[in-house]
Each structure stands twice: as C-alpha cells, then as structure tokens.
Amino acid sequence: MTQTAPEPTAAGSGSAATEAFRVAQRTRAHAGSDAQRIDTVARDLIGRINDVVREHKVTYDEYAAVKAWLIEVGETGEWPLWFDVFVEHTVEEVAHADRKGSKGSIEGPYYLPDQAQLPAECTLPMRPDEKGAPLVLSGQVRSVDGTPLAGATIEIWHADADGYYSGFAPGVPDGNLRGVVTADDQGRFSISTVEPAPYEIPKDGPTGKLIAAAGWHAWRPAHLHLMVHAPGHETLTTQLYFKGGQWLDSDVAQATKPELVLDPQPDGQGRRVASYDFVLDPA
Ligand code: DHB
Ligand code: FE
64 MTQTAPEPTA AGSGSAATEA FRVAQRTRAH AGSDAQRIDT VARDLIGRIN DVVREHKVTY
124 DEYAAVKAWL IEVGETGEWP LWFDVFVEHT VEEVAHADRK GSKGSIEGPY YLPDQAQLPA
184 ECTLPMRPDE KGAPLVLSGQ VRSVDGTPLA GATIEIWHAD ADGYYSGFAP GVPDGNLRGV
244 VTADDQGRFS ISTVEPAPYE IPKDGPTGKL IAAAGWHAWR PAHLHLMVHA PGHETLTTQL
304 YFKGGQWLDS DVAQATKPEL VLDPQPDGQG RRVASYDFVL DPA
C-alpha cells in the first residue's frame with residue numbers, strides 16, 4: 064500500500080515538542096533561584112550579545128530582523144528544536160565531563176515517556192509494512208567495575224526510514240519505533256528494529272529559515288536515541304550512529320562522538336546486527 068503522509072511542518076513539530084517539554088518540565092527538579100548565579104550567568108550572556116553588536120557593527124535593520132525572528136521562534140514553538148540543535152551538546156559536555164562510563168549525547172526534543180514495555184529480546188512496535196533495513200542492536204548494561212546490571216531498562220526511540228518521529232510527525236502511529244526494554248538478569252538485551260534515516264530539521268519554520276539564510280545544512284546523521292537506567296546508577300542519555308553514515312562529520316546538532324558509532328554487520332538472514340555495551344557510573 065502506498066500512502067502519502069503529509070510532510071511534518073516546523074510549526075507542527077515545534078508545537079508538539081514544546082508541549083512534550085512542558086509536560087516533562089513539571090516533574091523535573093527545578094534550577095535554584097540563587098540570585099548570585101543568575102546575576103553571573105545573565106550578566107555574561109547579555110554582555111556577550113552586546114559584544115557581538117559592537118564587533119560586527121550590527122545595524123538597526125539587522126537588530127529589528129533578529130527581534131522579528133525571535134518572536135517567530137516563540138510563536139511557532141520552535142525553541143525546544145532550536146536549543147537542542149545549537150546548545151544542548153555543550154550542556155551535555157559540561158554535565159558529564161567527569162563520567163567514567165559510556166559517552167552520553169543530547170536527548171533532543173523528541174523523547175516521550177511511558178512507551179511500550181518490552182522484554183530483553185524484543186522487536187520495537189512498528190507498522191506491518193514498516194520501511195527500512197532490519198537492524199538488531201544487542202549488548203549488555205554494566206557498571207564501571209564490570210558488574211552486569213540485572214534488570215536495567217533501556218528506553219529507545221528513533222526516526223523511521225523517512226526520518227520522521229512518532230508523536231511529532233503526522234501520519235506516523237503513536238508509539239512507533241519506541242519502547243522501554245528491560246534487560247535480563249545479566250543486563251543483556253537484543254532489540255530488533257529498522258534502520259532510521261538521517262533527520263532533517265523542518266525547513267519551513269524560523270530555525271530552518273536561519274539555517275538556509277546562513278547557507279548551512281539542516282541534517283543530523285541517522286541515529287538511535289537511548290536512555291539507560293539502573294538502580295544506584297546515573298541515567299545515561301545517549302545516541303548511537305552508523306559507520307559511514309551521511310552527515311556523520313557535519314551533524315547540525317554537533318552531537319556525534321567517535322565512541323558512539325556502530326558498525327553493523329550482515330547476519331546472513333537479511334538483517335544487520337550491531338552490538339553496544341552501556342557502562343553506567345554509580346550514582
Ligand atoms: C533535533 C532533532 C533530533 O532528532 C535530535 O536528535 C536532536 C535535535 C531538533 O530538531 O532539534
Ligand atoms: Fe533525533
């Protein structure tokens with residue numbers, strides 16, 4: 064069956080991402096209201112914006128264009144997309160600088176909680192005619208001292224073979240290519256899915272307009288998103304990429320790391336298999 068789903072729009076993805084962020088924010092621990100910290104960070108940020116105006120001799124017309132653009136990013140709900148593409152990678156780097164276990168990467172705007180609970184060996188929920196090359200990701204969750212972490216959970220979500228995420232793109236069923244996998248008593252798991260395509264930021268909104276106006280590209284390399292939890296351990300939020308994948312060396316979100324690149328191999332049964340062990344730091 065061929066069906067043409069409507070293209071996701073920036074406003075559609077943006078407002079869905081803003082709503083998902085607002086829901087998550089209700090349960091997140093809140094940043095303190097330490098006036099001294101706010102003074103330090105806000106003063107430095109505002110100072111640097113003023114430095115840019117001075118250094119580049121920003122004109123009144125450019126200043127007005129920036130104000131109009133900022134208003135549009137807010138009105139279309141694109142701030143979660145914009146920040147996760149241009150800023151989250153540095154927040155992640157700073158937050159996890161002392162980590163000894165597996166490398167983390169950005170969460171991005173498309174995580175959704177409370178997805179299907181799946182056993183250690185499983186297939187992600189997908190459409191009967193789901194496009195894409197079959198892929199199996201297997202491995203083990205361990206602590207930094209090598210102890211297998213029985214019953215660890217692995218939340219996994221990724222784009223489909225058209226580069227679209229369920230819950231954010233029209234036409235993709237809720238929960239598609241998302242799941243919460245419980246590892247076995249040795250921390251092992253084996254997840255069957257399909258290979259995602261690279262993801263392109265919707266170009267019809269203000270984030271896309273900025274990227275086009277500056278002559279940049281809007282692509283992220285194909286990736287799997289993972290959030291790995293185990294009792295007594297820090298949660299690991301990361302992504303896995305594919306060796307040789309397009310845009311791997313020019314990710315618009317600057318979220319790739321050499322340690323996070325899979326090299327899947329054919330298993331002789333029409334699938335490609337990759338293994339990855341997640342090593343968690345004690346909390
Ligand atoms: C964005 C999308 C992603 O899939 C991702 O992993 C990171 C950022 C974004 O559009 O902002
Ligand atoms: Fe993503």
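Residue 263 in this note's numbering sits at position 200 of the sequence shown; the count goes up by one each step and never skips.
C-beta: ideal position from N, C-alpha, C; glycine also.
TODO: May I have the straight-line CA-CA distance separating A105 from Q88, to the nearest angstrom?
DONE: Near 21 Å, if we compare the C-alpha coordinates of Q88 and A105.
- [ ] Can you grab the Cα-Cα spacing for the pair D107 / I101, in whole Å?
- [x] D107 and I101 have their C-alpha atoms some 10 Å from each other.
TODO: With a 10 Å radius around its C-beta and 16 neighbouring C-beta atoms as the bar for buried, classify I274 as buried or exposed.
DONE: Label assigned to I274: buried.
- [ ] Just jot down, in chain order, the residues whose CB lies closer than 6 Å to any heavy atom of the ligand DHB.
- [x] Going along the chain, the residues that qualify are L144, D147, V148, I169, G171, P172, Y173, Y262, I264, R283 and A316.
- [ ] Determine, using beta-carbon pairs with one atom in the segment 219-236 and one in the segment 143-160, whether at least three such pairs fall under 8 Å.
- [x] Contact between the segment 219-236 and the segment 143-160 is absent, because fewer than three Cβ pairs lie under 8 Å.
Task: Presumed contact (8 Å Cβ cut-off) between A79 and F252, rounded CB distance - done: About 29 Å separates the beta carbon of A79 from that of F252, a gap too long to meet the 8 Å contact definition.
- [ ] Compare the beta carbon distance of K266 and A277 with 8 Å and say whether it is the shorter of the two.
- [x] No. Outside cutoff.
Open item on the list: Just verifying my parser: in three-state terms, what is the DSSP assignment at M64?
Closed with: Legend: pLDDT at M64 = 40, less than 50; position of this residue unreliable, value from coordinates given subsequently. In this structure, DSSP gives M64 a state outside helix and strand, which the three-state scheme calls coil.
Open item on the list: With a threshold of 7 Å (Cβ to nearest heavy atom), would H296 be considered close to the ligand FE?
Closed with: Not so, every heavy atom of the ligand FE lies at least 7 Å from the Cβ.
Task: Beta-carbon proximity list for Y433, same chain, < 6 Å, skipping 5 on both sides - done: Coverage of the chain is limited to positions 64 through 346, which leaves residue 433 absent and any answer about it impossible.
Open item on the list: When you compare the CB positions of R334 and P197, do they come within less than 8 Å of one another, or not?
Closed with: Yes. Within cutoff.
Open item on the list: I want to check one thing, is the minimum distance from the CB of H152 to the heavy atoms of the ligand FE below 7 Å?
Closed with: No.
Open item on the list: Just verifying my parser: in three-state terms, what is the DSSP assignment at L175?
Closed with: Note: L175 maps to coil in three-state DSSP.
Task: Three-state class that DSSP yields for A246 in the structure shown - done: The three-state reading of DSSP puts A246 in coil, since its state is none of H, G, I, E or B.
Open item on the list: Can you give me the C-alpha to C-alpha distance between W132 and F149, rounded to a whole angstrom?
Closed with: Approximately 16 Å, taken between the alpha carbons.
- [ ] Would you give the residue range spanned by the alpha helix (DSSP H) that L133 belongs to?
- [x] Boundaries of the alpha helix (DSSP H) harbouring L133: Y123 to E138, taken from the DSSP string.
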